[in-house]
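Numbering (the working numbering), first residue to last: 123 to 347.
Working notes, structure below.
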Amino acid sequence: MRTVTVDGVRLAHRVSGPEGAPPVVPVHGRGENATTWDRIAAELAADRRVYAVDLRGHGLSDRPGGYGFDAFRDELGGFLKALGLICATVVAHSMGAGAACLLAAREPGLIGGLVLEEPPVFLPLDPPRPPAVRPAGALGFDREIVPATDTQLNDPEPSWCEGLSAITADTLVVAGGPAGHVPQDQLSRLAGSVPGARLLTIAAGHLVHTERPEEFLAALRESGV
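This is the structure:
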């Protein structure tokens, strides 16, 4: 476990794999942390240098407030630049995939390869998400992340969806099938909006990388990760 400071926020991250190997950056979803990638990272680390990050408010990273997909986007970009991971492959899930998608559209030359597992599509939700009820017990993340990101999912910036055509990274969109959290037709639309993107369905629900790790790994390897 290591740390790096990005815009005053200390970000914890796990590093594995041989030095000098092609870099891969797994990015977790909302309420998760870098440990969600342990199985995938262990396999990739055979011939890749893996940097699994805890985004702000999650895991062992700082909890400074200021949450939102745009904040996570900027933070991920700062993380890549701080560690010299220009043109790395980013493998991201759910909320993290939303941030990675926005970053790839805003800074097309920063990310070399992009895997988006069950990403949000940033179309207004109808009906909107109601206020979430806090679960009992201690949480491994800052609860303020939930209302902040739900507000953006209900009424996203129009430019977030419109900017998909600016993405130049080699992109794979992984859908979880009918049990996924994101309408599958919307994921198909997202993949069709990113130049050259491919859509792969692994019918595992929202948590493809944990429910079907072997199939997910095979998809990564087939994509050159």
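Just so it is clear, CB atoms sit at the ideal spot from N, CA and C, and this is done for glycine as well.
Any chain D beta carbon closer than 8 Å to residue i
{"i": "residue 138", "result": "Included in the structure is just one protein chain, with no chain D present."}
Residue interval of the beta strand (DSSP E) (run including residue i)
{"i": "residue 127", "result": "124 to 128"}
{"i": "residue 176", "result": "No beta strand (DSSP E) holds residue 176; DSSP gives it neither H nor E."}
{"i": "residue 145", "result": "145 to 149"}
{"i": "residue 322", "result": "320 to 323"}
Nearest-angstrom Cα separation, counted from residue j out to residue i
{"i": "residue 317", "j": "residue 259", "result": "44 Å"}
{"i": "residue 347", "j": "residue 130", "result": "31 Å"}
{"i": "residue 239", "j": "residue 326", "result": "11 Å"}
{"i": "residue 193", "j": "residue 211", "result": "20 Å"}
{"i": "residue 176", "j": "residue 298", "result": "23 Å"}
{"i": "residue 209", "j": "residue 159", "result": "20 Å"}
{"i": "residue 153", "j": "residue 269", "result": "12 Å"}
{"i": "residue 251", "j": "residue 302", "result": "16 Å"}
{"i": "residue 183", "j": "residue 135", "result": "8 Å"}
{"i": "residue 125", "j": "residue 293", "result": "28 Å"}
{"i": "residue 309", "j": "residue 272", "result": "19 Å"}
{"i": "residue 255", "j": "residue 265", "result": "10 Å"}
{"i": "residue 162", "j": "residue 335", "result": "7 Å"}
{"i": "residue 314", "j": "residue 288", "result": "13 Å"}
{"i": "residue 155", "j": "residue 332", "result": "13 Å"}
{"i": "residue 241", "j": "residue 218", "result": "8 Å"}
{"i": "residue 147", "j": "residue 166", "result": "11 Å"}
{"i": "residue 285", "j": "residue 312", "result": "11 Å"}
{"i": "residue 235", "j": "residue 306", "result": "22 Å"}
{"i": "residue 186", "j": "residue 267", "result": "11 Å"}
{"i": "residue 164", "j": "residue 127", "result": "25 Å"}
Residue i, enclosing alpha helix (DSSP H) - first and last residue
{"i": "residue 311", "result": "306 to 315"}
{"i": "residue 341", "result": "335 to 344"}
{"i": "residue 268", "result": "267 to 276"}
{"i": "residue 281", "result": "280 to 284"}
Helix, strand or coil at residue i according to DSSP, with G and I counted as helix
{"i": "residue 134", "result": "strand"}
{"i": "residue 248", "result": "coil"}
{"i": "residue 205", "result": "coil"}
{"i": "residue 348", "result": "The requested residue 348 does not occur in the structure, where the chain is confined to residues 123 to 347."}
{"i": "residue 184", "result": "coil"}
{"i": "residue 330", "result": "helix"}
{"i": "residue 198", "result": "helix"}
{"i": "residue 166", "result": "helix"}
{"i": "residue 292", "result": "strand"}
{"i": "residue 297", "result": "strand"}
Exercise for the section: Please specify which runs of the alpha helix (DSSP H), each continuous and at least 4 residues long, are wholly inside the region 209 to 235, giving them in chain order. Expected result: 216 to 228
Handout entry: Touching by the beta-carbon criterion (3+ pairs, under 8 Å), the region 137 to 149 and the region 159 to 178
Key = yes
Exercise for the section: May I ask you to verify whether the region 245 to 254 touches the region 267 to 280, counting CB pairs closer than 8 Å and requiring at least 3? Expected result: yes
Handout entry: Given 8 Å, three or more beta-carbon pairs between the region 221 to 232 and the region 193 to 204
Key = yes
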